[in-house]
Amino acid sequence: MSFYSTTPRAGAVPPLPNLAGTFVDEGYLKLEQLISSDNFIQIYKALDTTTDTHYSVKCTRTDTPPPSRLTEEFSIHQSVSHQIGVATLNRMFEEDGRTFMILNPAAGTMGENITKFGMYVDRPDRIKGAFIELVEAVTECHHAGVYHRDLRPRNIWCDSRGWGLRLANFGKATRKAESDEFGCGRPAYMSPECADTTRGSYSPRESDLWALAVILFNMVTGSNPWRIADFADASYAAYRSNEDTHFIETCHLTPAANDFFRRCFASQSEQRPSLEEMAVEVLAIDRFSLAHTFTVHSRGQVHSALLEVHNVNAPDLRFVDRAKRSITTRERFAKKVRRA
1 MSFYSTTPRA
11 GAVPPLPNLA
21 GTFVDEGYLK
31 LEQLISSDNF
41 IQIYKALDTT
51 TDTHYSVKCT
61 RTDTPPPSRL
71 TEEFSIHQSV
81 SHQIGVATLN
91 RMFEEDGRTF
101 MILNPAAGTM
111 GENITKFGMY
121 VDRPDRIKGA
131 FIELVEAVTE
141 CHHAGVYHRD
151 LRPRNIWCDS
161 RGWGLRLANF
171 GKATRKAESD
181 EFGCGRPAYM
191 SPECADTTRG
201 SYSPRESDLW
211 ALAVILFNMV
221 TGSNPWRIAD
231 FADASYAAYR
241 SNEDTHFIET
251 CHLTPAANDF
261 FRRCFASQSE
271 QRPSLEEMAV
281 EVLAIDRFSL
291 AHTFTVHSRG
301 QVHSALLEVH
311 NVNAPDLRFV
321 DRAKRSITTR
331 ERFAKKVRRA
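Written as structure tokens, this is what we have:
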């Protein structure tokens, strides 16, 4: 049995109202702008009126998910909140049947940079810099015994240049090395094991690595490889029938990028690269795609002007270790990821 389904759920809970312009936290916090809304979760840009400090605020219903799950989310997120590449979680409070989590502010999300700006497409140095930051963040979480299970561009906060990545939304996160809770996260980013309920259990660690590969695919192509990693999905079935050249023929990937994704999307998890191997292999790729040269097409529109605005040189074989205020080279990074 597969998690794949197009049937709407019965008795769905109505979405949250737009609270932009209202005050919460006993009137001290103004929700200035709704940044994103997804599956009964809202992210607001908010202002603390007592200090003139801006925050990002996550809003959910107190009963959806259950209170125990919200408490677990807060506990897990707070345990890694100090880590490199994780959004800082300050506090949580309940008000009027809603739960609010107060986080340090974010300029935007990787999802916006991919879908609106095409910021990474045909920019190999920028792809490498962002991906290495992402791998380091996941490595730190895994080393702390935390597995996100909902990694996707919308849950990755970043600055206006597409860097300074921070993992957010730990609503599906777990500390379990093996899980029997299937269907966690968005279908397009689920590993085959997570999507297949007949398996009995799956590895959240391996599921995170699969999602990382899909996110890299998003950055390279501006699209998803499939709706879900299940043979009921035509795109996934087409890939499995021609793994050697499918992405070269359909997405114009370079042979080096194609070989990397073929390893990441191996049907058996033990054949997939580790976090360390993913980082080293991505850094060694000179170019990921031949589909775009001077312009980027996103949602059918050319965004070359936007690319000119965001044309900033990204780090290639090194990245900023923000917590230590230093530069971490490939060799030092390799030592760090071996801990996970």
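For the sequence shown, full-length UniProt numbering gives the first residue as 1, with consecutive numbering after it. Backbone N, C-alpha and C define an ideal beta-carbon position, used for all residues, glycine too.
Suppose you measure from the CA of residue i to the CA of residue j; what does that come to, to the nearest Å?
| i | j | result |
| --- | --- | --- |
| G27 | L16 | 20 angstroms |
| Q268 | E32 | 47 angstroms |
| A144 | A137 | 11 angstroms |
| E95 | S36 | 20 angstroms |
| A238 | T53 | 50 angstroms |
| R98 | P124 | 42 angstroms |
| C59 | R91 | 12 angstroms |
| I248 | L47 | 47 angstroms |
| Y55 | A279 | 32 angstroms |
| M119 | F231 | 31 angstroms |
| A188 | V146 | 21 angstroms |
| G162 | M110 | 7 angstroms |
| D316 | S289 | Residue confidence is low: D316 scores 33 on pLDDT, short of 50, so the model does not pin down where it sits. Its coordinate-derived value is still stated next. Straight-line Cα distance between these residues: approximately 17 angstroms. |
| P255 | M190 | 25 angstroms |
| E270 | F261 | 15 angstroms |
| S241 | G108 | 38 angstroms |
| Y236 | H246 | 10 angstroms |
| F23 | L70 | 22 angstroms |
| residue 349 | T49 | Because the chain is modelled from 1 through 340, residue 349 falls outside the range shown and cannot be assessed. |
| D25 | L19 | 13 angstroms |
| N218 | C158 | 16 angstroms |
| D38 | D150 | 13 angstroms |
If you measure between the beta carbons of residue i and residue j, is that distance less than 9 angstroms?
| i | j | result |
| --- | --- | --- |
| A195 | A229 | yes |
| L275 | H148 | no |
| I43 | V57 | yes |
| L253 | V220 | yes |
| F100 | L29 | yes |
| S223 | C251 | yes |
| A257 | D122 | no |
| W210 | P225 | no |
| T140 | L165 | One point to set straight first is that residue 140 is Glu, not Thr, in the sequence displayed. It is not a contact, given that the beta carbons lie outside the stated cut-off. |
| V214 | R152 | yes |
Which residue's Cα is closest to the Cα of residue i: the options?
| i | options | result |
| --- | --- | --- |
| H82 | D244, Q42 and L103 | L103 |
| C264 | S160, A173, E243 and P14 | E243 |
| E181 | S274, Y202 and D259 | Y202 |
| P273 | M219, L212, D233 and C251 | L212 |
| I285 | L216, Y55 and F74 | L216 |
| G85 | P66, G97, A106 and T221 | A106 |
| L283 | F131, G222, K45 and D233 | F131 |
| N113 | I156, T71 and E72 | I156 |
| G200 | F117, P255 and E178 | E178 |
| G21 | K45, D122 and D38 | K45 |
| A62 | I76, K116, G164 and G171 | The amino acid at residue 62 is misidentified as Ala; the sequence shows Thr. Checking every option, the nearest Cα to that of T62 belongs to G171. |
| R154 | R186, T174 and G129 | R186 |
| T198 | G183, F93 and R205 | G183 |
Quick one: grab the DSSP three-state call for residue i.
| i | result |
| --- | --- |
| F40 | coil |
| L70 | helix |
| F247 | helix |
| Q33 | strand |
| S289 | strand |
| S269 | helix |
| G159 | According to the sequence shown, residue 159 is Asp rather than Gly. In this structure, D159 counts as coil in the three-state DSSP scheme. |
| L307 | In this predicted model, L307 has a pLDDT of only 34, less than 50, meaning its place in the structure is not dependable; the value taken from the coordinates is given anyway. DSSP places L307 in helix when its eight states are reduced to three. |
| D63 | coil |
| D259 | helix |
| L47 | strand |
| R166 | strand |
| L19 | coil |
| L253 | strand |
| P14 | coil |
At a Cβ threshold of 9 angstroms, is residue i touching chain D?
| i | result |
| --- | --- |
| R123 | Any reference to chain D falls outside this structure, which holds one protein chain only. |
For residue i, is the beta carbon positioned less than 8 angstroms from some heavy atom of the ligand NAP?
| i | result |
| --- | --- |
| Y147 | Because no ligand of any kind appears in the structure shown, any question about the ligand NAP cannot be addressed here. |
- Query: Going along the chain, which unbroken runs of the alpha helix (DSSP H) with 4 or more residues stay wholly within the segment 72-146?
  - Reply: If we require 4 residues or more, the alpha helix (DSSP H) runs fully inside the segment 72-146 come out as 110-115 and 124-143.
- Item | Uninterrupted alpha helix (DSSP H) stretches inside the segment 176-245 (no shorter than 4 residues) | 192-195, 204-221 and 234-241
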